[in-house]
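Take the sequence shown: its letters are residues 3 to 476, numbered as in the working numbering. What follows is a single structure, written as structure tokens, with notes after it.
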Amino acid sequence: MMFSFAKPTRPALLDLGIFALALLCVAVIVGLPPLLALGLLLGGAILAGTLIDPVVGLYLTVASVMLQELVPLPLGLSVTHVVGAMALGTWVLSGLARRELRIERSLLVPWGLFLGALLLAAALTDYNAVDSLKQVVRWILAFLAFVVTVVLVTTPRRAIGLIVVVLSVGVLEALVGLQQFIQGAGPFALGEQVRAYGTIGKPNTFAGFLGMIWPLGAACSVGLLWQWWQQRQRGGLLLAALLAGGATLVVIAGIGVSFSRGAWLGSLAGALAMLALVGGRRAVPLLALLLAIGGLALAQPALLPGALTERLSSITDNLRIFDAGKVTVTDDNFAVVERMAHWQAGANMALDHPLIGVGPDNFNRAYPKYFVGRWSESQGHAHNYYIHIAAEAGILGLIAYLILVGSVVATGWRALQATRGTPWFMVAVGGCGIIAAVQVHSVFENLHVLNFGIHLSAIWGLLAALALRRGLRP
């Protein structure tokens, strides 16, 4: 089954946008406080831009994810909530799109199952139902971001715009982290080094966000370079390849200075997935880059910071299973034991509430009953999203989540098949690399926080748009 939507008229949207801006100008003239006036002007600009072209709202919503912790708003709202609500509202009011647009029901059913499982767990929780419903709303926003992306990304220009926004956000976020690392500014010390945390606030989460970006940049860079090699008279392709490659290196550097072992493993998984999907001569540049970096790290460890070599050598500790309540804690194993303690607490919650869990966003409230050994202070999540969703939404939630992820993987595969032989193939490869990186990193972290789901769902939606339209044509 397909769902169709109608097209708004451009003149009407322009009139509405101009009217909204005029109202805001009047508000400024009557003497509103400067910050409030500025906020209203920015809101008016967003509203007008989205009314003129709804895809602008999508771009701004994705871009706002990195800012949400910097600009606190009343009622617990974030910049992403406000921008996303404005984008969604104008999108709905304007009729959604430029032509008849369709969404396959097969893309919506997995989302429905997962959201239904979360709602059931929220409704029947023994803990805080209000916070549970707030968490469900975050996932609903992610779902809407997916739908909006599928509906609106209909042309090469719109897809390129989304890719540029994603890479630009990644570069800006990584540069903030690199500055923190270079200046030694921040609370997250690791020996003599400071772990980068960006605008996100925590190193592991910061690195997880960047892991949702760099595979797309790497794949686009390789794809553009390959096209230029075949059509050398087109210098613009080489410039675009260099820009995408430079952005990718900056983002990867940001992940490096986060010292997040989970993100490193996720990035390795993303790289291997892309190499497996590409194969042939197009994989040579990416493989050469990975081998060069890996070879340098292994052959000349003295060239790397001591903290970095220690983190690399301790990665295997994160893969061991043990009883955190029976281990002697030292400075060297503190983080690993703490992570395992949260795994065990989450598993105990799931065993005690096997069907529907303790309720979305109730991990902290349930934790005092299930903590292990000396680890009585919760870090807010289970340090493993698969355990975390089982703890908060039970086996029903875990199965529904795996179905959702499976559907995303299937969509990625469809996008690969639909775009093979076209310039969009490497975009699909990059999207699949992000899926691999996120799902592996999720073994060690909860990456479905801080509205990251909106960013990730936009990537999933881009893959779906490629699959549905067999690549994007002008």
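Just so it is clear, CB atoms sit at the ideal spot from N, CA and C, and this is done for glycine as well.
With 16 or more other Cβ atoms inside 10 Å of its own Cβ, K204 counts as buried.
Closest in C-alpha terms to S459, from the list N364, L180, V411, L418, comes V411. Contact check for Y369 and A347: beta-carbon distance about 6 Å, within the 8 Å limit, so the pair qualifies. Linking S223 to R234 through their CA atoms gives a straight-line distance of about 15 Å.
In the three-state DSSP reduction, V196 falls in the strand class (E or B). G210 places its beta carbon 8 Å or farther from that of A271. About 7 Å separates the CB atoms of L69 and T201; that is less than 8 Å, so the two are in contact.
In the DSSP assignment, P56 falls within the unbroken alpha helix (DSSP H) covering 56-66. Within the same chain, Cβ atoms closer than 8 Å to the Cβ of F116 are found at W141, G399, A402, Y403, I405, L406, the five residues on either side in sequence being excluded.
Comparing alpha-carbon positions, the option among A255, W230, I257 lying closest to L244 turns out to be W230.
Counted as a single uninterrupted DSSP element, the stretch harbouring T156 is not any alpha helix (DSSP H), since DSSP gives it neither H nor E. Uninterrupted alpha helix (DSSP H) stretches at least 4 residues long and entirely within the stretch 368-426 occur at 387-421, given in chain order.
Only exposed fits G237, as fewer than 16 other CB atoms lie within 10 angstroms of its CB. Taking C-beta separations shorter than 6 Å and ignoring five residues to either side along the sequence, the partners of R160 in its chain run V57, following chain order. Residues M428 of the same chain have their beta carbon placed closer than 6 Å to that of G225, with the five preceding and five following residues left out of the count. Around V138, the same chain offers L117, L120, L121, A124, P362 as residues with beta carbons nearer than 8 Å, after the five sequence neighbours per side are excluded.
If you look at T207, you'll find it in the alpha helix (DSSP H) that goes 205-213. Between V67 and N453, the gap from beta carbon to beta carbon is short of 8 Å. The Cβ atoms of R422 and A469 lie no closer than 8 Å to each other. In summary, G281 is exposed, with fewer than 16 beta-carbon neighbours lying within 10 Å of its beta-carbon over all protein chains present. Between V171 and L164, the alpha-carbon positions lie close to 11 Å from each other. Membership of A249 in the alpha helix (DSSP H) is indicated by the continuous run 237-258. With 16 or more neighbouring CB atoms inside 10 Å of its own CB, A466 falls in the buried class. Here L60 really is in contact with A89; their C-beta atoms are around 6 Å apart, less than 8 Å. A Cβ-Cβ contact shorter than 8 Å links A439 with G268. Taking C-beta atoms as the reference points, A255 and L169 fail to come closer than 8 Å.
Look at F261 here: in three-state DSSP terms it is coil, with no helix or strand label. Distance from the CA of D333 to the CA of E194, rounded to the nearest whole angstrom, comes to 14 Å. The beta-carbon distance between G435 and I461, rounded to whole angstroms, is 10 Å. This is too long to meet the 8 Å contact definition. The three-state reading of DSSP puts H355 in coil, since its state is none of H, G, I, E or B. Between A176 and V81 the beta-carbon gap is near 20 Å, outside 8 Å, which marks them as no contact.
Excluding five sequence positions before and after F336, none of the CB atoms of its chain fall closer than 7 Å to its own CB. Residue environment for F324: exposed (fewer than 16 other C-beta atoms within 10 angstroms of its C-beta). In this structure, the beta-carbon distance from G219 to A246 falls below 8 Å.
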